[in-house]
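Line order of the protein sequences matches chains C and S.
Here the first sequence stands for residues 0 to 106, numbered as in numbering that gives the first Met the number 0.
Here the second sequence stands for residues 0 to 150, numbered as in numbering that gives the first Met the number 0.
Even glycine gets a Cβ: it sits at the ideal position worked out from N, Cα and C.
Please read all numbers here as calculations on a predicted model, not as lab measurements.
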Amino acid sequence: MAEKPRLKLPKEAKKGDVIEIKTLLAHTMESGQRKDKDGKTIPRKIINKFTCEFNGKPVFSTTLEPAIAANPYMQFYAKVTESGTFKFTWTDDDGSVTTAEEKITVA
Amino acid sequence: MRQLSRRAALLLGASGAALTIAGWNSDAFAAAKDAADDIAKFTGGKTAEKGKVSIELPEIAENGNTVPLSIAVDSPMTADNYVTDVLVVADGNPRPGVATFHFSPLSGKAEASTRIRLATTQNIIAVAKTSKGEFFTAQKLVKVTIGGCGG
Numbered sequence: 000m001a002e003k004p005r006l007k008l009p010k011e012a013k014k015g016d017v018i019e020i021k022t023l024l025a026h027t028m029e030s031g032q033r034k035d036k037d038g039k040t041i042p043r044k045i046i047n048k049f050t051c052e053f054n055g056k057p058v059f060s061t062t063l064e065p066a067i068a069a070n071p072y073m074q075f076y077a078k079v080t081e082s083g084t085f086k087f088t089w090t091d092d093d094g095s096v097t098t099a100e101e102k103i104t105v106a
Numbered sequence: 000m001r002q003l004s005r006r007a008a009l010l011l012g013a014s015g016a017a018l019t020i021a022g023w024n025s026d027a028f029a030a031a032k033d034a035a036d037d038i039a040k041f042t043g044g045k046t047a048e049k050g051k052v053s054i055e056l057p058e059i060a061e062n063g064n065t066v067p068l069s070i071a072v073d074s075p076m077t078a079d080n081y082v083t084d085v086l087v088v089a090d091g092n093p094r095p096g097v098a099t100f101h102f103s104p105l106s107g108k109a110e111a112s113t114r115i116r117l118a119t120t121q122n123i124i125a126v127a128k129t130s131k132g133e134f135f136t137a138q139k140l141v142k143v144t145i146g147g148c149g150g
């Protein structure tokens, strides 16, 4: 998992705000439908699960299928009532996991 | 003799055409049926009501490799009434599954956007499930100029 995921969310928010979160992970999302030049099917290798937690509580998650484009992009929302840390997790078909964290101050 | 061969030729032509149509139909039909099966599994056989769900997609996707998709469900998103899951299927892809979004009251809004691959012109269907066990659905046709499943 070479590249760092890209995250975009505010550093600060007011209590009760619904904030927008954008995430992007560089990944080929090999669909398992393509064939190489010898006509053999290239095996599927995708990110199959994305989750977002805030202070350990689930906020949003997605089950991804091969129909998700390369470099899976997710935009979603979170309601914040306290300061804390968002944790993002991407799970690959091969079992490897990429994580990222971002803090937010809620006044 | 001449008549016979002409009839034979006609018959051949007709059956050939019928075969082509049947073949094409069964492919499209299989994909749509798979999508319907996925939805039935998600709803547990319940019928989803039309409405509350909106799908945002370009009308014409020039590049099927990356098509922006946004789903929004009209819901108060409170602890006792919120959207739990949204299933998205595409009825013309080699496999119908696109994604399932899982929400919680902490999501604040039942809205999500991502980018998807579409093999051909087809319908995108979204089905939302609420914490009360209700199902809502919407569907949108998207025209695809260049397919995005690679060959």
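(request) Kindly identify the DSSP beta-bridge partner or partners of Glu29(C). (result) Taking the first residue of the first sequence as position 1, residue 29(C) is located at position 30. Looking at the DSSP assignment, Glu29(C) forms a beta bridge with Lys44(C).
(request) Could you check the C-alpha separation between Lys51(S) and Gly94(C) for me, to the nearest Å? (result) In the second sequence, counting from the first residue as 1, residue 51(S) sits at position 52. In the first sequence, counting from the first residue as 1, residue 94(C) sits at position 95. Taking the straight line from one Cα to the other gives about 36 Å.
(request) Give the straight-line distance between the Cα atoms of Gly147(S) and Asn62(S), rounded to the nearest whole angstrom. (result) On the second sequence, residue 147(S) is found 148 positions in, with the first residue counted as 1. On the second sequence, residue 62(S) is found 63 positions in, with the first residue counted as 1. Each residue's alpha carbon lies about 7 Å from the other.
(message) For Ser74(S), count the other beta carbons within 10 Å of its own beta carbon; 16 or more makes it buried, fewer makes it exposed. Which is it?
(response) Here residue 74(S) refers to the residue found at position 75 when the second sequence is read from its first residue. With 16 or more other Cβ atoms inside 10 Å of its own Cβ, Ser74(S) counts as buried.
(message) Rounding to the nearest angstrom, what Cα-Cα distance links Ile20(S) and Ala29(S) in this structure?
(response) Within the second sequence, the letter at position 21 stands for residue 20(S). Within the second sequence, the letter at position 30 stands for residue 29(S). Note on Ile20(S): pLDDT 45, under 50, position unreliable in the model; no value is reported.
(request) With 8 Å as the threshold, decide whether the Cβ of Val96(C) is near any Cβ in chain S. (result) Taking the first residue of the first sequence as 1, we reach residue 96(C) at position 97. Taking 8 Å as the threshold, the shortest C-beta distance from Val96(C) to chain S does not fall below it.
(message) Can you tell me which residues form a DSSP beta bridge with Ser53(S)?
(response) Looking up residue 53(S) in the second sequence gives position 54. The partner list for Ser53(S) (beta bridge, DSSP) reads Ala71(S).
(message) Quick check on Thr136(S): buried or exposed, where buried means 16 or more other Cβ atoms within 10 Å of its Cβ?
(response) Residue numbering aside, residue 136(S) sits at position 137 when the second sequence is read from its first letter. Label assigned to Thr136(S): buried.
(message) By DSSP's criteria, Arg114(S) is part of a beta bridge. Which residues make up the other side?
(response) For the purposes of this step, residue 114(S) is taken as the residue at position 115 of the second sequence. Beta-bridge pairing links Arg114(S) to Pro67(S).
(request) Could you work out which residues of chain C lie near Lys108(S), taking near to mean beta carbons separated by less than 7 Å? (result) Mapped onto the second sequence, residue 108(S) falls at position 109. Chain C residues near Lys108(S): Val17 and Tyr76.
(request) Indicate whether at least one CB of chain C lies closer than 8 Å to the CB of Leu105(S). (result) For this step, residue 105(S) is matched to residue 106 along the second sequence. Judged by the 8 Å Cβ criterion, Leu105(S) is in contact with chain C.
(request) Report the neighbours of Val97(S) on chain C: residues whose CB is nearer than 8 Å to its CB, in chain order. (result) Your numbering for residue 97(S) matches position 98 in the second sequence. Correct list: Glu64, Ala66 and Ile67.
(request) Using a Cβ cut-off of 7 Å, pull out every chain C residue sitting near Pro93(S), in sequence order please. (result) Taking the first residue of the second sequence as 1, we reach residue 93(S) at position 94. The contacting residues are Gln32.
(request) With 8 Å as the threshold, decide whether the Cβ of Ser112(C) is near any Cβ in chain S. (result) A question about residue 112(C) goes unanswered here, because the residues of chain C that appear run from 0 up to 106.
(message) Between the alpha carbons of Tyr72(C) and Lys21(C), how many angstroms are there, rounded?
(response) As a working note, residue 72(C) is residue 73 in the first sequence. As a working note, residue 21(C) is residue 22 in the first sequence. About 7 Å.
(message) Can you pull the chain S neighbours of Lys39(C), defined as C-beta to C-beta under 7 Å?
(response) As a working mapping, residue 39(C) is identified with position 40 in the first sequence. Here the premise fails: no neighbours, minimum Cβ distance about 13 Å.
(request) From the DSSP output, in three-state form, read off Lys40(S) for me. (result) As a first step, residue 40(S) must be located in the second sequence, where it is residue number 41. Three-state DSSP puts Lys40(S) in a helix.
(request) Go through its chain and collect everything with a Cβ distance to Gln121(S)'s Cβ below 6 Å, but skip five positions before and after it. (result) Stepping through the second sequence from its first residue, residue 121(S) is reached at position 122. Ala89, Asp90 and Gly91.
(request) Compute the Euclidean distance between the alpha carbons of Val66(S) and Ser82(C), then round it to the nearest angstrom. (result) Against the second sequence, residue 66(S) aligns to sequence position 67. Against the first sequence, residue 82(C) aligns to sequence position 83. Cα to Cα, the separation comes out at about 35 Å.
(message) Could you compute how far the alpha carbon of Ser103(S) sits from the alpha carbon of Val17(C)?
(response) On the second sequence, residue 103(S) is found 104 positions in, with the first residue counted as 1. On the first sequence, residue 17(C) is found 18 positions in, with the first residue counted as 1. Each residue's alpha carbon lies about 13 Å from the other.
(message) With a threshold of 8 Å, are at least 3 pairs of Cβ atoms found where one atom belongs to the stretch 52-65 of chain C and the other to the stretch 83-91 of chain C?
(response) yes
(message) For the ligand ATP, I want to know if Gly83(C) counts as a neighbour, meaning its beta carbon is within less than 7 Å of at least one of the ligand's heavy atoms.
(response) By its list of ligands, the structure shown contains no ligand whatsoever, and the ligand ATP lies outside what it can speak to.
(request) Report the neighbours of Ala31(S) on chain C: residues whose CB is nearer than 9 Å to its CB, in chain order. (result) Taking the second sequence and counting its residues from 1, one reaches residue 31(S) at position 32. Near Ala31(S) there are no residues of chain C at all, since even the closest Cβ is about 15 Å away, more than 9 Å.
(message) Using DSSP's beta-bridge definition, name the partner residues of Leu23(C).
(response) As a first step, residue 23(C) is located in the first sequence; it is residue number 24 there, counting from the start. Arg5(C) and Tyr72(C), per the DSSP bridge assignment.
(message) Whole angstroms are fine: how far does the CA of Gln138(S) sit from the CA of Ile124(S)?
(response) For this step, residue 124(S) is matched to residue 125 along the second sequence. For this step, residue 138(S) is matched to residue 139 along the second sequence. Spanning the two alpha carbons is a distance of roughly 4 Å.
(message) Under DSSP, the beta strand (DSSP E) around Leu140(S) begins and ends at which residues?
(response) To locate residue 140(S), count along the second sequence from 1; it is residue 141. Element bounds for Leu140(S): Phe134 to Ile145.
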